[in-house]
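Have a look at the structure below, then the notes.
Numbering (the numbering used here), first residue to last: 41 to 578.
Given below as structure tokens:
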């Protein structure tokens, strides 16, 4: 990563104007050595490069700050600025001062920044993940969907019985309300077709789209969110993390390895050329040569008795009498107009006025897919191979001892310092503003020790310190959980499929009520005295 800047002129320098015009280059690079062909680490680096690049930008910013300080305060860095030896080259006289290449090797601030970069990278790669995130596994492995549904319903209903009551401040309803408010990727899974939900994917990149979904980067105003589940009881924290992997949603990203199928010679109009040319490269060159001819300049006459000159001798076997070719286009077929060439001349059968005939194009087949949706034996699938390929499974961490950056979902025994979370939100916000307009970053904390939920909001434009806000449960969410619990008790686990359909219907209802409330507030001719009271009814 290379950058150029113009340093501030040094005081008491006789050639200030010369130094002002000079530019200095500096570069920051990191080297990762892969031993024993570590394919998992290799795939992980390139699939997670957006997060790694963001951390590299932070390291570059520290390097720039230190470099600027050395030039701005020469009394501090006088020993590091060395007179350049006179030389016959023109460059030697243009910049009388320079820094040795190892000047910053022992700079304490830069060393701390490098160590922080290494720690962040190690945390991102080595942190334990949730092994089976529910939403992704249900969509990726549909043959096991019923098992996942039964497992989720058992855990959810049990948690509702224990903690969704007045004694525990309706904890499950509150935490689901908070997650549905901030991780908005569930919206496009329940929204009616052709609904504008303000996705912010820009030039479509599957990995960036998946990352945006996980952070809830949907809607207006734009906001990204991460969730921490805090608690001294690891078993309870893990159960809640497991439940939340169903409601924090994103699309799966597949890596397909394709191979071209060699078609039979008799199926192609180029069969004579295939027989004459065994070299695939030469064969493709001939096709390109014919396809890129001046087709557009040739007008096909309407007469049914006119002779046409054409180069393909294989058309002899494709004669037809006054037939019009009317075939629907398919990915494996293109339409080609006959070319005029003096090389050979044959009688072409009568065609339609457009003069088109089908040309079979090379086909391809997927020889490998990761994750493999046809795989039935989940035991043989390594979890690290799945999370190394994309963000979906990678950014959902399990129960950890200390706070880690970049993760969307994580369990911790205690809440880290607010200043640490606020700095991390600021960093994430800067990353998203490079490509998209994000106005706010939030950290949702689900506290199982006090059975409360609160959120920390951070804005780049705000000069005030970030503050915590309590989350209150929604009546719609509480009603949804109550109805699901009652239906589960009445119908049992055998009705898991219908109960899930009920849950999705209720989520769609929540979405529709929310859009109705938004439209009600945005109407110019209405004045709402108490918005909180109106929202509490929903």
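Beta carbons are placed, not taken as given, at the ideal position from N, Cα and C, and that holds for glycine.
The model shown is predicted, which means the values in this text are computed figures rather than measured ones.
Would DSSP call residue i helix, strand or coil?
i	result
residue 511	coil
residue 529	helix
residue 223	coil
residue 497	strand
residue 357	In this prediction, residue 357 scores a pLDDT of 45, lower than 50, which makes its location untrustworthy; the coordinate-derived value is nonetheless stated afterwards. Three-state DSSP puts residue 357 in a helix.
residue 365	Note that residue 365 has pLDDT 41, beneath the 50 cutoff, so the model's placement of it is unreliable and the number below is only indicative. DSSP places residue 365 in coil when its eight states are reduced to three.
residue 452	strand
residue 478	coil
residue 74	coil
residue 487	strand
residue 67	strand
residue 167	coil
residue 444	coil
residue 288	coil
residue 172	coil
residue 123	With a pLDDT of 44 at residue 123, under the threshold of 50, the modelled position of that residue is not reliable, and no figure is offered here.
Where does the unbroken beta strand (DSSP E) through residue i begin, and where does it stop?
i	result
residue 143	Careful: residue 143 lies outside any beta strand (DSSP E) and carries neither H nor E.
residue 267	263-270
residue 431	Careful: residue 431 lies outside any beta strand (DSSP E) and carries neither H nor E.
residue 438	436-439
Starting from the Cα of residue i, find the closest Cα among the options and give me that residue.
i	options	result
residue 438	164, 554 and 263	164
residue 174	187, 513 and 168	187
residue 453	440, 459 and 464	440
residue 85	552, 72, 97 and 77	72
residue 167	436, 258, 195 and 488	436
residue 97	511, 76, 205 and 69	69
residue 455	446, 448, 466 and 484	484
residue 462	234, 209, 265 and 524	265
residue 490	102, 477 and 212	212
residue 540	527, 94 and 487	527
residue 111	155, 64, 94 and 99	64
residue 525	193, 442 and 274	193
residue 501	470, 460 and 487	470
residue 147	486, 104, 176 and 94	104
residue 514	488, 250, 99 and 554	554
residue 428	89, 67, 472 and 75	89
residue 478	152, 562, 195 and 467	467
residue 580	225, 268 and 271	Here the chain comprises residues numbered 41 to 578, so residue 580 is not present and cannot be evaluated.
residue 458	451, 448, 447 and 482	482
residue 209	534, 537, 510 and 556	510
residue 181	561, 292 and 559	292
residue 252	504, 145 and 472	472
residue 150	100, 431 and 141	100
residue 512	543, 492, 172 and 205	492
residue 445	460, 79 and 432	460
residue 94	80, 557, 157 and 506	157
residue 169	480, 561 and 450	450
residue 141	270, 67, 557 and 556	67
residue 268	486, 552 and 531	486
Comparing the CB of residue i with every heavy atom of the ligand COA, is any distance shorter than 6 angstroms?
i	result
residue 190	Ligands in the displayed structure: none, and consequently the ligand COA is not present.
Determine the extent of the alpha helix (DSSP H) in which residue i is found, giving its start and end residues.
i	result
residue 206	Unbroken run through residue 206: none, as it is neither H nor E.
residue 535	Counting along the chain, residue 535 falls outside any alpha helix (DSSP H), and DSSP gives it neither H nor E.
residue 246	246-254
residue 108	89-112
Contact the region 495-504 vs the region 275-295: 3+ CB pairs below 8 angstroms: no
Touching by the beta-carbon criterion (3+ pairs, under 8 angstroms), the region 218-231 and the region 286-293: yes
Any 3 or more C-beta pairs closer than 8 angstroms across the region 197-216 and the region 506-519: yes
The region 247-263 touching the region 182-201, judged by at least three CB pairs closer than 8 angstroms: no
Touching by the beta-carbon criterion (3+ pairs, under 8 angstroms), the region 224-234 and the region 545-552: yes
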